[in-house]
Amino acid sequence: MSVAVAPASAPALLLERITCAFSSRERAGESYTAVRNTTLSIAPGEFVSVVGPTGCGKSTLLNVAAGLLQPSSGAVQVLGAPLVGINRHSGYMFQAESLMPWRNALDNVLAGLEFAGVERDESEHRAGEWLSRVGLSGFEKRYPHELSGGMRKRVALAQMLILDPQIMLMDEPFSALDIQTRQLMENELLELWSANRKSVLFITHDLEEAIALSDRVVVLSAGPGTHPIGEYLIDLPRPRDVNEIRLTPRFVELHTQIWHAMKDEVLKGYAQSRRQ
Amino acid sequence: MPKADANSNAIVVPVTGQNAVAKRTAVRSLRSQPGRLLLYHALLLGGLFGFWYLMTEPGLIPPFYFDDPTRAKFFFGQPTEVFKRIWNWFVGGSIYLHLGVTLLETVLAFAIGTLLGLLFGLWLALSPSASTLADPYIKAMNAMPRVILAPIFAVWFGLGITSKVVFGVTLVFFIVFFNVYQGVKEVSPVVLANARMLGASGKQLLRFVYLPSATSWVFSSLHTAVGLAFVGAVVGEYLGSARGVGYLIHQAEGVFDIDTVIAGILVLTIFALILDFIVTRIENRLLVWRPGTAETEAL
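First to last, the sequence lines map onto chains A and B.
Sequential numbering from 1 applies to the first sequence in my numbering.
Sequential numbering from 277 applies to the second sequence in my numbering.
So this is what it looks like as structure tokens:
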């Protein structure tokens, strides 16, 4: 059995000169360019965060990487091969509620295994393990509406991780949580990630979250025609505790530096949202 | 504290504090005490029948509308007579054939109509081109007063049960169809995208996402559908048949036997309630995942 192995130099995920234009709903014939000529590469095992002002097309970029959205132009490569259809090597954690409300926690976690045809006994066993890994043992039979927001995010995390994806795509997954739960979840994510290092593309509008979690932070311009305007290597030591690391001088230094670059774009984005 | 209402110049006591609390506890206690609720239901029903008896029994109260004291009985029937009819039907056994035919027609119309509605609803919701093509025809057929079709079906399918079942199906189909269509359209795009990212194939999406998501819509339509299946069966029988409760009612109406008409209506109502209850039981079993209205417990 031969397995196609990507060359060592190949990035886990490569977005090349991606442009996404949408036809405008209000004015026929006009189009809105959400993302313009964006190139982004993520190395195997690298944690990359993308920050940018609200409404700048961050989620569009992630949907392109997931294969849920076909870009207007540009190419996507996954583990060295061009992406066709859904990105089977990636897991996706959504900003909105993504659990199936008619399935309990256990059945939600094992959904991916069920789709792949894994036997019921084995998938139940593995899903139970994952639930306890995200701190939810004892909640197997609860339906999503019986769980708190943070618990639902843990179930969604386990649901994604059980398939052991090479690439994790995360779209502001913790933005709906309160600040304490959020920091707990960030630490848990880092712990799970460092135990089994996969590539992560993490979208957020929160610069502190981006710096605390990532190896590299990419700053996007305000829309329309979003494109990267800066890249920053985060050389903070690991393992990290997201609460404590925020107080270190190097964190503050990086934050000041990146925020300085972001500020103009945030103001631009704010002005645009006011105009609409 | 009483205060003057600017609009009506009346003194109103704002419903706050003690009043509001008392109101809420009353509602809660009625819902959480099925025994007492049942008692109230029984009292209401008894009251209605009592009122009916009072108004129609000759000589019980002085006549105030009709000149003849037996006239009210003639127009509105009498509860005692109605129950006597029902008793004789069930004890004498003459009702079972008619009831069986009506129930068979109802259940067949309900099952076939629901199945067709489900299949067409899924198909049209998942295939945009088919739905665009069929849209004006579906709308026209739904807007058409379909009760008019019953005599035509009697001509086409004869006076047996087939014509009633077909008629019932045309009533049930559209209710279920529109609800399934809507239910599939309302599937959360995020849940759908998530299932696709987890590797679900087209068939798996249908089975594990679209169908469960449409279930709550389907069940809300089934309650209406049960009633309409009964309407189909009874109206069909009424217009032309030799068996069924609708036939009994029609015969009784021919000789102005209001008691038998009302007895037939009561029997039908009770069986419609039983069918609706069965649907509710199945619904509660299938939809355990639905968030209920949380109610705090009074301590």
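Note that beta-carbon positions come from the ideal geometry of N, C-alpha and C, so glycine has one too.
None of these values were measured; they are calculated from a predicted model.
Check: If we cut at 8 Å on Cβ distances, does residue 170 of chain A have a partner in chain B?; Outcome: no
Check: Tell me whether the beta-carbon of residue 502 of chain B lies closer than 8 Å to the beta-carbon of residue 386 of chain B.; Outcome: yes
Check: If you measure beta-carbon to beta-carbon, which residues of the region 479 to 504 of chain B are closer than 8 Å to chain A?; Outcome: 480, 484, 485, 488, 489 and 491
Check: Give me the residue from A:99, A:230, A:40 and A:64 with the minimum Cα distance to residue 160 of chain A.; Outcome: A:99
Check: Could you spell out the range, first to last residue, of the alpha helix (DSSP H) harbouring residue 171 of chain A?; Outcome: No alpha helix (DSSP H) holds residue 171 of chain A; the beta strand (DSSP E) holding it covers 167 to 171.
Check: Throw me the rounded Cβ distance for the residue 381 of chain B and residue 440 of chain B pair, which I believe falls under 8 Å.; Outcome: 4 Å
Check: Going by beta-carbon coordinates alone, are residue 34 of chain A and residue 224 of chain A separated by less than 8 Å?; Outcome: yes
Check: Using 10 angstroms around the beta-carbon of residue 168 of chain A, count the other beta-carbons present and answer buried if the total reaches 16, otherwise exposed.; Outcome: buried
Check: Buried or exposed: residue 53 of chain A, going by 16 or more other Cβ atoms within 10 Å of its Cβ?; Outcome: buried
Check: Sort B:390, B:549, B:428 and B:437 by Cα distance to residue 373 of chain B and report the nearest one.; Outcome: B:437
Check: Nearest to residue 474 of chain B by CA position, among A:162, A:172, A:232 and A:178, is which residue?; Outcome: A:162
Check: Does the structure place the region 460 to 471 of chain B close enough to the region 70 to 90 of chain A that three or more beta carbon pairs sit under 8 Å?; Outcome: no
Check: List, from N- to C-terminal side, the alpha helix (DSSP H) runs of 4 residues or more that fit wholly inside the region 168 to 219 of chain A.; Outcome: 179 to 195 and 207 to 213
Check: On a Cα-Cα basis, can you pick out the residue from B:310, B:314, B:354 and B:472 that is closest to residue 331 of chain B?; Outcome: B:354
Check: Quick check on residue 12 of chain A - is its C-beta less than 8 Å from some C-beta in chain B?; Outcome: no
Check: In whole angstroms, what is the alpha-carbon distance linking residue 204 of chain A and residue 58 of chain A?; Outcome: 8 Å
Check: Taking beta-carbon pairs under 8 Å, can you tell me which members of the region 96 to 109 of chain A lie near chain B?; Outcome: 96, 97, 98, 99, 100, 101, 102, 103 and 104
Check: Among the candidates B:560, B:526 and B:485, whose CA atom is the shortest distance from the CA of residue 398 of chain B?; Outcome: B:485
Check: Please tell me whether residue 74 of chain A and residue 15 of chain A are closer than 8 Å, where the distance is taken between their beta carbons.; Outcome: yes
Check: Starting from residue 228 of chain A, follow the beta strand (DSSP E) in both directions and report where the run begins and ends.; Outcome: 228 to 233
Check: Quick check on residue 43 of chain A: does DSSP put it in helix, strand or coil?; Outcome: coil
Check: Taking 8 Å as the CB-CB cut-off, is residue 463 of chain B touching chain A?; Outcome: no
Check: To the nearest angstrom, how far is the alpha carbon of residue 425 of chain B from that of residue 443 of chain B?; Outcome: 7 Å
Check: Looking at the secondary structure, which residues open and close the beta strand (DSSP E) in which residue 19 of chain A lies?; Outcome: 13 to 23
Check: If I'm right that residue 325 of chain A touches residue 50 of chain A with Cβ under 8 Å, what's the distance once you round it to whole angstroms?; Outcome: The first residue shown for chain A is 1 and the last is 276, placing residue 325 of chain A beyond what the model contains.
Check: Among A:45, A:38 and A:267, which residue has its Cα nearest to the Cα of residue 195 of chain A?; Outcome: A:45
Check: Taking residue 545 of chain B as the reference, which of B:421, B:477 and B:375 has the closest Cα?; Outcome: B:375
Check: Can you tell me which of the three DSSP states residue 4 of chain A falls into?; Outcome: Its pLDDT being 47, under 50, residue 4 of chain A is placed unreliably by the model, and nothing is read from it.
Check: Please state the DSSP three-state secondary structure of residue 77 of chain A.; Outcome: strand
Check: When you compare the CB of residue 469 of chain B with every CB in chain A, is at least one pair closer than 8 Å?; Outcome: yes
Check: Label residue 107 of chain A either buried or exposed according to how many other C-beta atoms from any shown protein chain fall within 10 Å of its C-beta, with 16 as the threshold for buried.; Outcome: buried
Check: Could you tell me whether the Cβ of residue 115 of chain A comes closer than 8 Å to any Cβ of chain B?; Outcome: yes
Check: According to DSSP, residue 49 of chain A sits in a beta bridge with which residue or residues?; Outcome: A:202 and A:217
Check: Return the CA-CA distance between residue 181 of chain A and residue 150 of chain A, expressed in angstroms with no decimal places.; Outcome: 6 Å
Check: DSSP three-state call for residue 36 of chain A: helix, strand or coil?; Outcome: strand
Check: Quick one, which of A:237, A:173 and A:259 has its alpha-carbon nearest residue 96 of chain A's?; Outcome: A:173
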